[in-house]
Structure formats: C-alpha cells, structure tokens
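With full-length UniProt numbering applied, the sequence shown corresponds to residues 1 to 365, in that order. Cβ coordinates follow ideal geometry from the N, Cα and C atoms, glycine included. Worksheet: one structure, shown below.
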Amino acid sequence: MVVCNICIRSVVAQAVVFSRTRLLSSHNVGRKTYSSRSTFGLLRLNNNTWNPSFPVRTIMMVDTGSTAAKAAPAVGSLQPEKEEGGGYLGGTCKSEDGKLSCGYSSFRGKRATMEDFCDMKISKIDEKPVCMFGIFDGHGGSRASEYLKQHLFENLMKHPQFMSDTKSAISATYQQTDADFLDSEKDTYRDDGSTASTAVLVGDHLYVANVGDSRTVVSKAGKAIALSEDHKPNRSDERKRIENAGGTWRVGGVLAMSRAFGNRMLKQYVVAEPEIQDLKVDNEFELLVLASDGLWDVVPNDDAVSLARSEEDPEAAAKKLVETAFTRGSADNITCIVVRFHHSDAPATIIAAVDTPPKNKESSD
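Structure (structure tokens):
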C-alpha cells in the first residue's frame, strides 16, 4: 500500500494505491504547515487513476493556506533582473514608444522554497504593440509554474488566431498548455499545479485571464477595480461545476482553488479553463497590479492601488507592495507586477500612499 500526501497549495490529496507488483514507501511532497485554525472541506473523488497500473481512491482535503514566487526576466527595453538586499528579486522594462512601463518584485518570504514565476514580454506583431504580463503561483512544487513561464506566452503568440480573435486564442492556449504540461509529466509521480493571472495588451485592447487565485487589479481614474475573480469552490458557480463533474463538496469546507494548471489526479474537477475580461484601454487607465495571493491575502485591492500610485517607478511600486505584504504578516512567497500606462494627454499622478491595517478578507475585495 502506498499513501501519498500531495499538497496543492490549499489542497492536500491523499491517494491510497494498491498494487500486487510494486510497494512504494510513503512520501510527502507537500510543503504546507497546518494550524488548529485551518478550515477544512472534503471533496471525494472516486475511481480516478494516478497511473494506469494503479487503481486509485482519492480523498482531497483542503485548507485556506497558500504558496508563492520566483520571477522571470522581461524582454523589450529590459533592465537586467537583479537580486537586491534582503533577497528581493526585481526588474523593469518599457515599451519603445514610452506609453507603458512595468516592473516586478519577488520575495521568498517565510517559505523554504520559491514556487512562483512571473513573465513580462513587450513586442510588436504586424506593427501593433503587444504586451504580456503573467503571475504563475505554483503549488506542490515549481515545475508547473516554471513551465507556464517558459511556454504560455510563447504558445499564445504562435496561435493562428492570436491577432484576429485574441480572446479565443487565450482560452485555447491556456487549455492546450495545460495538456502539454500534463503530457510532459506523464511518466513521473509528481502532481505539481499552478495558478495563472495574465494581462495581454494588443493595441488598445486589454485581455485579463485567470485560473486559480492570483489576481489582477486596475487603477482606473484612481479607483481600484478587480479584473479577475478568484477561483474558489465556495463560489456557487464553481461549486456547481465541481458537483456536475462528479465531485462532492461538503458544506463548511473551504477549497482555496477550484481551477489550476496541472494537478493530474484532480483534472476532472480542477480545470485550466480561464475566465477572460476584454476591455478597451482609455486615458483613465493608470496602472495594473498583478500578484500572487501572498499579497492579496493581506493587502486589499484599494490599498494595493494606493501604494502603487505613490511610486512613479513600477519596480519601486511592486517592491513597496511586496514589502507591505510581508510586513502585514504574509507567510507566503510574494510576487507582484506593476504596469503603468503613460498617456500623452494625461500625465501620471503621484499621490501619498495609504498604508492601512489589513481588513477582513471577505470585506476587502
């Protein structure tokens, strides 16, 4: 008998595998530490298979924890990625026309390992500016998040409908990249997973897509607006989707993610189909904040925008947000991208940052 405890950030899958031919020692690839205050739910998934030769019975227990990040370098007018004092990793880039600048900051924090990556790409396709930004927050390991950093935007740019039907191309690319990752891991016993929160700017159209609980927020005329909704099974629509797929949700539990890349054992339920927002960028768009839940767990949307607006340099803004999250007690890795729009007839405004105590998470978004 084999007992596998696989931590999926907030998801722990316990698989009991029986085989007459193999006996494997127990192992734990999860990295979460649970406290007596953790809230658990229970999702039962029967008749799944981890490997064709192993009949599997799976019980998935979930809590409200999280994981976080290592970032990737940008392309375009990029200042090289650098590690600053205290273990912060950062970098910047800007568009050739000067209409957009971006920067990121990443910090391992209290975690023993870094499992998140981020990516920033600025280029031109058919003489049209194309900018792509993504946060990939890994769980159960960093292989899925690193794979997304290496392949997601590359696959998107190769999609034949990327410029003509960007929204459909993003949806198809998310799901195909998920399938490609699972195929690349088919001969392993790993079950890594990852979130993705991406912002793709094609001309003056912004497409924000997400899978999982990383988040993108825009500052529009000084107002913080969430452009993605976290995928959690306590959302009624997500709970219904899980139940329609054959899963059972026990009332009173909290599953931190209901959608993710990877997670082969739970793929029937934890899908990589993104929700996508399509917006036209106008002069009221000031900046975007993309971050892993290591930030959003302790920094409300309004605070994030206020802090980011207080810094002209996007990398400095991203670092301020990461430092604030750590100061407020985030126990996760923390990665943040700040994208600042520079409109020719609407110069950027810098205001004083508002550093308020963290609010109750349910009332802060």
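Residue i versus residue j - alpha carbon distance
| i | j | result |
| --- | --- | --- |
| L266 | N301 | 30 Å |
| L78 | D237 | With a pLDDT of 44 at L78, under the threshold of 50, the predicted position of this residue should be treated as unreliable, though the coordinate-derived value follows. Distance between the alpha carbons of L78 and D237: 41 Å. |
| L287 | D187 | 43 Å |
| D63 | G141 | Reliability fails at D63, whose pLDDT of 29 lies under 50, so the model's placement of it is uncertain and no value is given. |
| G103 | G203 | 20 Å |
| D293 | N263 | 19 Å |
| H231 | D313 | 31 Å |
| V289 | E315 | 11 Å |
| D97 | E275 | 30 Å |
| S164 | M120 | 22 Å |
| H205 | Q161 | 15 Å |
| K240 | S258 | 11 Å |
| P233 | A308 | 30 Å |
| T92 | T324 | 20 Å |
| T166 | N333 | 31 Å |
| E185 | R235 | 30 Å |
| F341 | D180 | 34 Å |
| V218 | S306 | 11 Å |
| R190 | D178 | 15 Å |
| I122 | E154 | 12 Å |
| T335 | E311 | 17 Å |
Bounding residues of the beta strand (DSSP E) (the contiguous stretch that carries residue i)
| i | result |
| --- | --- |
| S105 | 100-107 |
| A199 | 196-202 |
| K267 | Looking at the DSSP string, K267 is not in any beta strand (DSSP E), and its letter there is neither H nor E. |
| D293 | Note, D293: premise wrong, no beta strand (DSSP E); alpha helix (DSSP H) at 293-296. |
| L89 | 89-94 |
| R340 | 334-341 |
| R215 | 215-220 |
| K223 | 223-226 |
Identity of the residue in the options nearest residue i by Cα
| i | options | result |
| --- | --- | --- |
| T198 | S344, H342, I337, I242 | I337 |
| D183 | G138, A144, E315 | A144 |
| I125 | L156, Q150, Y269, A112 | L156 |
| V281 | L89, Y147, V339 | V339 |
| K220 | C93, D213, A304 | A304 |
| N283 | K99, R259, L89 | K99 |
| F285 | L227, P160, G193 | L227 |
| Q150 | I135, Q161, R328 | I135 |
| L148 | F162, G87, T166, M132 | M132 |
| G246 | G193, V270, K223 | V270 |
| M260 | K128, S306, G212, Y189 | Strictly speaking, residue 260 in this sequence is Ala, with Met absent from that position. Per the Cα distances, G212. |
| E115 | T324, A179, E146 | E146 |
| K94 | V130, Y88, E185 | V130 |
| T327 | T92, G91, N244, F107 | F107 |
| G90 | C118, D297, D191 | C118 |
| A224 | K320, G87, V299 | V299 |
| L295 | S306, S310, R215, E229 | R215 |
| T113 | S310, E229, G87 | G87 |
| D297 | E311, V322, S310 | V322 |
| Y207 | K320, R111, S168 | S168 |
Delimiting residues of the alpha helix (DSSP H) encompassing residue i
| i | result |
| --- | --- |
| R239 | 236-244 |
| T327 | 314-327 |
| N301 | 301-309 |
| N155 | 143-158 |
C-beta atoms of residue i and residue j nearer than 8 Å
| i | j | result |
| --- | --- | --- |
| G109 | S330 | yes |
| F278 | T195 | It is Asp, not Phe, that sits at residue 278 in the sequence shown. Not in contact: D278 and T195 (Cβ atoms no closer than 8 Å). |
| S105 | A318 | yes |
| Q175 | A272 | yes |
| L152 | T173 | yes |
| H159 | G193 | no |
| A209 | I242 | no |
Beta-bridge pairing of residue i - partner residues as DSSP gives them
| i | result |
| --- | --- |
| F261 | S194 |
| D137 | D116 |
| K124 | P129 |
| S184 | In the DSSP output, where bridge partners are listed per residue, S184 has none listed. |
| L206 | L201, L279 |
| F285 | K220 |
Below-8 Å beta-carbon distance, residue i vs any chain D residue
| i | result |
| --- | --- |
| H151 | Although the question refers to chain D, the structure presented lacks it and comprises just one protein chain. |
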